[in-house]
Amino acid sequence: MRRKMPAVPQDREREGREKDACFCLWVDLGLSDYEEDFLFQERVVEARVGERLPDTIILQENYPVLTMGRSAESCHLLIPARLFQGECISLLDVNRGGEITYHGPGQLIISPIFKLKERGFNAHGYLHLLEEVTIRTLKSYGIEGQRIEGLRGVWVGEKKVAAVGIAIRRWTTFHGFCLNANMDLRPFSYIIPCGIRHKKVTSLQELLGQDVDMDQLKEQVRDSMAAVFGLEIAPVSREGIEDLLRHP
Numbered sequence: 001m002r003r004k005m006p007a008v009p010q011d012r013e014r015e016g017r018e019k020d021a022c023f024c025l026w027v028d029l030g031l032s033d034y035e036e037d038f039l040f041q042e043r044v045v046e047a048r049v050g051e052r053l054p055d056t057i058i059l060q061e062n063y064p065v066l067t068m069g070r071s072a073e074s075c076h077l078l079i080p081a082r083l084f085q086g087e088c089i090s091l092l093d094v095n096r097g098g099e100i101t102y103h104g105p106g107q108l109i110i111s112p113i114f115k116l117k118e119r120g121f122n123a124h125g126y127l128h129l130l131e132e133v134t135i136r137t138l139k140s141y142g143i144e145g146q147r148i149e150g151l152r153g154v155w156v157g158e159k160k161v162a163a164v165g166i167a168i169r170r171w172t173t174f175h176g177f178c179l180n181a182n183m184d185l186r187p188f189s190y191i192i193p194c195g196i197r198h199k200k201v202t203s204l205q206e207l208l209g210q211d212v213d214m215d216q217l218k219e220q221v222r223d224s225m226a227a228v229f230g231l232e233i234a235p236v237s238r239e240g241i242e243d244l245l246r247h248p
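The opening residue of the sequence shown carries number 1 in the UniProt record's numbering; numbering runs sequentially from there.
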């Protein structure tokens, strides 16, 4: 996935501007099945489109799965698809932008369900801000993340630590970005991640030489989201969202 680098959008720091913050729900689905989480996300998107929910950020970890975005090509699978079953890895087509990537335990997937027009920026600016969230989160661990012109995601040196892939429906965003934390990186060798040849992936665990505390990482991501997008974030359970969907 290649795009021209956009101009850096004006940062929306929350400090000193709490009264201007946008209200947003934060729901952590924990470790679960990707297809189940995807169906949940679809319901949240439709509710946001219909103004039955406020902006909502969905956080999840998933059991091993390869997802193929709208630009994915079968040649980016380096082993026959039937062999993934032996590795207990599912293979799914999804409606996000981008190509093929791997998700598994120890990776955080963050999916903001935002009304894009209400926030005053376009898709390119939004993608750039998602990368900024990751860069800030990495900085809190003493890691310098960077962008590479012509490529999406966040990189440390020549290795990608976070992938970005979104979709937009009636000016409402879904999908988002994933940050490799304590995950097994081996399945990335079965594919050409995001269709980018000759570059590898990395994780916080690999960069730091130790596991990171996942709860602490979630807090860092939440704080970075709040600062970059100017949000007042309210945690809510999955059951709480389900109740709002039933009784808007």
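C-beta: ideal position from N, C-alpha, C; glycine also.
Compare the Cα-Cα distances from residue i to each of the options and report the closest residue.
| i | options | result |
| --- | --- | --- |
| E206 | I166, Y141, R246, A234 | Y141 |
| residue 253 | L25, E36, A47, V27 | Only positions 1 to 248 of the chain appear in the structure, and residue 253 is not among them; the question remains open. |
| E36 | D55, F84, S90 | S90 |
| L231 | S203, R119, R238 | R119 |
| R197 | M225, K160, R186 | K160 |
| N122 | I233, L59, A167, N180 | A167 |
| V65 | R186, G145, G157, D211 | R186 |
| E219 | L59, G153, Y126 | L59 |
| K139 | E239, L29, S32, S224 | S224 |
| G30 | R43, A81, Q107, E73 | Q107 |
| N180 | V212, K117, D33 | V212 |
| H128 | K117, V154, Y63 | V154 |
When the Cα atoms are used, what is the spatial distance from residue i to residue j?
| i | j | result |
| --- | --- | --- |
| R12 | T137 | Low confidence applies to R12: its pLDDT is 45, below 50, so where it sits in the model is not reliable, and the reading given next is rough at best. When rounded, the distance between both Cα atoms is 16 Å. |
| C22 | F38 | 25 Å |
| G104 | E61 | 7 Å |
| K115 | V49 | 8 Å |
| R3 | L151 | Reliability fails at R3, whose pLDDT of 32 lies under 50, so the model's placement of it is uncertain and the value that follows must be treated cautiously. Their Cα atoms are separated by approximately 7 Å. |
| V27 | L245 | 13 Å |
| D93 | K199 | 23 Å |
| V236 | C24 | 10 Å |
| A234 | D55 | 11 Å |
| S229 | F174 | In the sequence on display, residue 229 carries Phe and not Ser. The alpha-carbon atoms of F229 and F174 are separated by roughly 15 Å. |
| R222 | P112 | 11 Å |
| R70 | G165 | 10 Å |
| L83 | F188 | 14 Å |
| E242 | V45 | 13 Å |
| Q146 | R170 | 31 Å |
| R52 | D215 | 29 Å |
| D184 | G125 | 31 Å |
| V133 | Q210 | 22 Å |
| R96 | G176 | 9 Å |
| E144 | E99 | 25 Å |
| G240 | Q41 | 14 Å |
| I57 | E87 | 31 Å |
| T101 | T67 | 6 Å |
| H247 | D33 | 25 Å |
| P6 | Q85 | Summary for P6: the model assigns pLDDT 37, below 50, so the residue's position carries little reliability; its value from the coordinates is reported in the next sentence. Going by the C-alpha atoms only, they are around 40 Å apart. |
| R238 | I109 | 16 Å |
Please list the terminal residues of the continuous beta strand (DSSP E) segment that includes residue i.
| i | result |
| --- | --- |
| R169 | 159 to 169 |
| L129 | No beta strand (DSSP E) contains L129, which is instead part of the alpha helix (DSSP H) from 123 to 139. |
| Q107 | 107 to 113 |
| S90 | 90 to 93 |
| F174 | 172 to 180 |
| H198 | H198 -> no beta strand (DSSP E), and no H or E assigned at all. |
| H103 | 100 to 103 |
| V154 | 154 to 156 |
Could you pull the start and end residues of the alpha helix (DSSP H) that residue i belongs to?
| i | result |
| --- | --- |
| Y190 | That residue, Y190, is in no alpha helix (DSSP H); it is neither H nor E in DSSP. |
| A234 | Note, A234: premise wrong, no alpha helix (DSSP H); beta strand (DSSP E) at 231 to 235. |
| I241 | 238 to 246 |
| L116 | 116 to 119 |
| L208 | 204 to 208 |
What residues match up with residue i in a beta bridge as DSSP calls it?
| i | result |
| --- | --- |
| N62 | S32 |
| Q146 | W155 |
The region 184 to 200 in contact with the region 74 to 81 per 3-pair CB rule at 8 Å: yes
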